[in-house]
Structure formats: C-alpha cells, structure tokens
Amino acid sequence: MKRKRRNSNNSGQALIITSLIITMLLLSTAYYVFEIEKNVTGNSTSIDYAFMATKLSTLNTVVSALANVSNGGNPSVLRASLSRLVSAVESHSYDGESRLLFKPLNSSPYQDGIEIAWESNGLGISSAHVSLSLNASGPSLSYYSEYAVNVTTALTLQGSFTGNDSEKTVNATCRVYDEQGFALAKDITVLYQNETDGPWIPVSPVDTLNVIDYGNGTYSLSFNVYAQNVLEISAQVHDTRDIFVMANATCNIV
Amino acid sequence: MRFLKDNRGQIRVIEAFFAAVLLLSALAMIPSETHVGGSNDEILHSAAQRTLITLDSDGTLSRLIENESWTTLRKCVQSLLSPTIWFNLTIFDENMNPINEVQISSGSQINKDTVAADYVCASSGSNYRIYVIRLQLSNVN
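Line by line, the protein sequences are chains A and B. Using our numbering, you'd call the opening residue of the first sequence number 7 and step up by one each time. Using our numbering, you'd call the opening residue of the second sequence number 366 and step up by one each time.
Here it is in structure tokens:
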C-alpha cells in the first residue's frame, strides 16, 4: 500500500518535469523558426531585386539584338551584346560577386540563338533564345538561378483578290504576335507581285491602301491594283520593339 | 502532520507558475510591431533598386537617358520615392564616364548619411547601349 502511494506521488513530479521539457522544446523551436523567417524575409528582398534587375537587362539586350539582326544586322551582335552586359553586371555586382553565363540556343531552327524564318506560306518569324545562369555570392546572401530569355515576333498573312481582267481589289488579313500573345505593329508595309519571279511593287496611297487596326494585333488590309494577275502579297512589319518580321502569301481568286 | 505531508498544493502552485511562464513566453514572442525590411540602409537600398526596376520595366529609363530628358527623369524618380527621401541620380556609360551634365536630384543634401545603389540598365533599341545608374538616397529627417 505504501509503495503504491509513493509511486503515484513521483509520477506527478515526472509529469511536471516532462511538461516543462516539452514546453521548452516548443518555445525554442518556435523562436528558431521566427528568427530564420526574419532573416529569409530580409535577404529574399535583396535577392528578388538583384535577380529582377539582371533578368530585365538580359531581356532588353536580347530584344535589342533581335531588333538589330532582323533589320539586317549581323547575327553575331547577340553574342557581342551579351558579352558587354556580362562585363557590366559582373563589375557592378549588386551584393558581392556575380557570375553571369549565357548560351545562345544552337538547335534547329535557331542558329547562334537567332531564328529568322520569313516564309512564303504566310508565316514569318523573328526570334531569339538564350539560356542564362546567374551565380551570386556575397557576405549577406548567395544564390544561383538558371533562366531562359525568349523574344519572338511572328506574323501571319492571308489574302484573296476580286476584280476584272485589269483592275483587282486585294483583301488580306495580317496578325502580329510576340512571345506573350498578340502584339501591335508600329508600321506595316505592303507589297505585291503581279508576275512569277517579278519585282515586288510597294502598295502606295495611289493604290488606295486601307488598313483597319482592330487593336488586338489583327490588321485588315485592302488595296486596288491595276494588274493582269496578282500572284503574291507581302507584309513587312516592325513591332513596337522595332523587331522586323515579314511574310509572303499567295492570293486566291474569290 | 497532515498539512506537512500533503504537498499537492505546492505542486498546483508550481504548475500554475509554469503555466504563467508558458503564457508570458508566448506573449513575448508576438512581435510588438511589424518590422519591414531591416535597417534603415537596407530600406533605402531596396527603395533605390525598386525605383530603378520600376522605371526600367517598360523601357522608360533607357529612353529618357537616350533622349537626355533629365527633367522628366527627375520627376519620374521623385514620383516613385517618398517625399521624405532625398535623392541624387548619376548616369554613367559602360566605361563609367558620367553622361548627365546637369544634376538630377531633389535639392541640396541635408543628411550626409547616404545609401547608394548601382543599377545596370541595358537599352532595348536596335542601337544597343549599357548605362550604369547610381541612385543615392538619404532620409531628409
């Protein structure tokens, strides 16, 4: 009877000590999580801004290079511009030491990160694709990130014509896209060819070129020409980023 | 005799004490105020980077520099910063030669304790340029 009573008294003390230990464990864990969370919040802001700034400058560089190449520049300008950017970023690192590496895509249809495909089937594509990695290490933070920059301007063109033997009315629809969806054109130049392998003739205001802008990257084109045949039409477009793209399409008689 | 042997009351007191400690500890862990950012320097540095990224995100920053629209640039920076923050903006080319001939700032500097953030800005036009932009900030108060 005595032994039983002593045991029950001890179990109460053990319970208290156990609860104390558990409480201390819980409190220390909660405090540790709180401190870690505080540090992560402070550093993640710096990381986010540094990464955003680098990503923005690489995007601008690729847009600039594609605008240059699509307007007749040398495709090597992409690599040259990125090398200049790498030098600038590495010498003005945001926090500590940065290493920015780039690799232009070299698999078909891209060559040295550039694809220029201006087809006669009504589709034109000007595109650039570069893979990058950013490795930064400093006293307060270090991070590594891999990302890709793709810049694309594409154009589709469809056309048909009606009219008599000498005068034709051409109606065409032109759609402009970028890598995020539809895109707006800064300017559109329309040309036509009235004989096979003949010269491309620009559609002038005399030909009553009428362009309807639907505001969603779709443009309706119509013009009158004096020609026996209208075989092909061509649309040449600069988007709002100055990237040039063109496409040719064969017109059908309606 | 019974009073001395019966220690259940003491245990209750100890239990209550531990419970009180537990409650007080939990209350002490609730932060008294939301602490955003960190030190004053970190807050100013983040504000500088945020301002330049916002201006660069739609190409405004490089366009204003290319057009040498220093007054517009000053107004843009001013509108993105708190009125209690003094700023001075210096633009360099990629060889660190200063470009802006006029001072782009919100007035004369009051507080000598400034924070500077360097930002690499690449233009997206077909004529490629790289600018290094140094934004210095300090609290007016």
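All residues carry an ideal CB built from backbone N, CA and C; glycine is no exception.
Kindly indicate which residue of A:74, A:78, A:236 and A:245 has the alpha-carbon position closest to the one of residue 165 of chain A. A:236
Taking 7 Å as the limit between beta carbons, can you name the residues of its chain near residue 107 of chain A, skipping five residues before and five after? 138 and 139
Using a Cβ-Cβ cut-off of 8 Å, state whether residue 98 of chain A counts as contacting chain B. yes
Could you pull out every residue in the same chain whose Cβ sits closer than 7 Å to the Cβ of residue 233 of chain A, ignoring the five residues on either side in sequence? 174 and 200
Chain-ordered neighbours of residue 406 of chain B on chain A, where CB pairs are closer than 9 Å: Correct list: empty, because the minimum Cβ distance to chain A is about 12 Å.
Neighbouring residues, chain B, relative to residue 87 of chain A (Cβ below 7 Å): 493
Exposure label - residue 398 of chain B; buried when at least 16 CB within 10 Å: Because residue 398 of chain B carries a pLDDT of 49, less than 50, the predicted location of this residue cannot be relied on, and no value is offered for it.
Buried or exposed: where does residue 475 of chain B fall if 16 or more other Cβ atoms within 10 Å of its Cβ makes it buried? exposed
Under 8 Å, Cβ to Cβ, is there at least one residue of chain B near residue 158 of chain A? no
Where the alpha helix (DSSP H) through residue 440 of chain B begins and ends: 435-445
Leaving aside the five residues before and after residue 154 of chain A along the sequence, list all residues of the same chain whose C-beta is less than 8 Å from its C-beta, in chain order. 135, 136, 137 and 138
Just to check my reading of the structure: residue 387 of chain B and residue 29 of chain A have Cβ atoms closer than 8 Å, yes? What is that Cβ distance to the nearest angstrom? 5 Å
Between residue 228 of chain A and residue 209 of chain A, what straight-line distance do the alpha-carbon atoms span, to the nearest angstrom? 10 Å
Within the 8 Å Cβ cut-off, does residue 439 of chain B reach chain D? The structure shown contains no chain D; its protein chains are A and B.
At least three beta-carbon pairs within less than 8 Å, the region 18-37 of chain A to the region 102-118 of chain A: no
Please return the same chain residues whose Cβ sits closer than 6 Å to the Cβ of residue 224 of chain A, not counting the five positions on each side in sequence. 181
Pull the bridge partners of residue 131 of chain A from the DSSP assignment, please. A:123 and A:160
Relative to chain B, which residues along the region 240-259 of chain A have a C-beta separation below 7 Å, given in chain order? 247 and 248
Put residue 251 of chain A into one of helix, strand or coil per three-state DSSP. strand
Could you tell me which chain B residues have their CB closer than 8 Å to the CB of residue 90 of chain A, listed as they occur along the chain? 459, 493 and 495
Helix, strand or coil: which one does DSSP assign to residue 73 of chain A? helix
Using the rule of at least 16 other Cβ atoms within 10 Å of the residue's Cβ for burial, across every protein chain shown, is residue 19 of chain A buried or exposed? exposed
DSSP has residue 229 of chain A in a bridge; who is on the other side? A:176
Which residue from A:81, A:97, A:144 and A:184 puts its Cα closest to that of residue 117 of chain A? A:81
Local Cβ density within 10 Å of residue 40 of chain A, reported as buried at 16 or more and exposed below that: exposed
is_contact[residue 38 of chain A, chain B] using C-beta, thresh 8 Å: no
Segment limits, alpha helix (DSSP H) that includes residue 218 of chain A: Per DSSP, residue 218 of chain A belongs to no alpha helix (DSSP H); it is in the beta strand (DSSP E), 216-219.
Name, please, each residue of chain B whose Cβ falls closer than 7 Å to the Cβ of residue 18 of chain A. 376
Quick one: which chain B residues come within Cβ less than 8 Å of residue 55 of chain A? 411, 414, 415 and 418
Residues of chain B with CB closer than 8 Å to the CB of residue 95 of chain A, please, in chain order. 485
Answer yes or no: do residue 78 of chain A and residue 253 of chain A have a C-beta to C-beta separation smaller than 8 Å? no
What residues match up with residue 80 of chain A in a beta bridge as DSSP calls it? According to DSSP, residue 80 of chain A bridges with nothing at all.
Where the alpha helix (DSSP H) containing residue 410 of chain B begins and where it ends: 405-421
Could you name the residues of the same chain whose beta carbon sits closer than 6 Å to that of residue 414 of chain B, not counting the 5 residues immediately before and after it, in chain order? 482
What are the boundary residues of the beta strand (DSSP E) that includes residue 475 of chain B? Premise fails: residue 475 of chain B is in no beta strand (DSSP E) and is neither H nor E.
What does the alpha-carbon distance come out to for the pair residue 76 of chain A and residue 193 of chain A? 15 Å
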